[in-house]
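Trainee: The end of the sequence shown is residue 99 by the numbering used here, with every number in the run present. Heads up, the beta-carbon is just placed ideally off N, CA and C, and yes, glycines get one too.
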Amino acid sequence: DAKRESFWALLLNQKHRLLKSEKISEGSLTMTLVHPREAFLPAVRESAAAVIFVHNHPSGDPEPSVDDYNLTVRLIECGDLLGIRVVDHIVLGDHSYVSLRDRGAFRQK
């Protein structure tokens, strides 16, 4: 449902081939709540080596919010602790997308 914000995990193997995609949460027109515990649960359950997180912006504008950047940093930190690489966090709009990796959210500390 493109009228609600949905958050997905694309679970990847060691060679970054797709194992499975799983919806983590679905929210309202403007937000969805995502807790790292729920975000990584499918990856742990499926023994995924890596994950790409994806969510949509029902407004059609894929420009990431400050909350999107903050969540990405938290997910990267949690993934590091779990040994699951976060490859990217992608925000989908109507006709385009934004990669938070390309936007610098994955810079090393």
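1. Can you tell me the Cα-Cα spacing of Leu82 and Phe43, whole angstroms?
2. Once the 5 residues before and after Leu0 are set aside, which same chain residues still bring their CB inside 7 Å of it?
3. With DSSP collapsed to three states, give me the class of Arg27.
4. Would you identify the three-state DSSP class for Ile42, choosing helix, strand or coil?
5. What are the boundary residues of the beta strand (DSSP E) that includes Leu90?
Mentor: Reading off the structure:
1. Locating residue 82 in the sequence shown gives position 92, counting from the first residue. Locating residue 43 in the sequence shown gives position 53, counting from the first residue. Taken atom to atom, the span from the alpha-carbon of Leu82 to that of Phe43 is near 11 Å.
2. To locate residue 0, count along the sequence shown from 1; it is residue 10. Excluding sequence neighbours, Leu0 sits near Leu8, Ser11, Val41, Ile42, Val44.
3. Taking the sequence shown and counting its residues from 1, the one referred to as residue 27 is at position 37. Reduced to three states, the DSSP call for Arg27 is helix.
4. As a working mapping, residue 42 is identified with position 52 in the sequence shown. If DSSP states are grouped into helix, strand and coil, Ile42 belongs with the strands.
5. In the sequence shown, residue 90 corresponds to position 100, counting from 1. From DSSP, Leu90 is part of no beta strand (DSSP E); its letter is neither H nor E.
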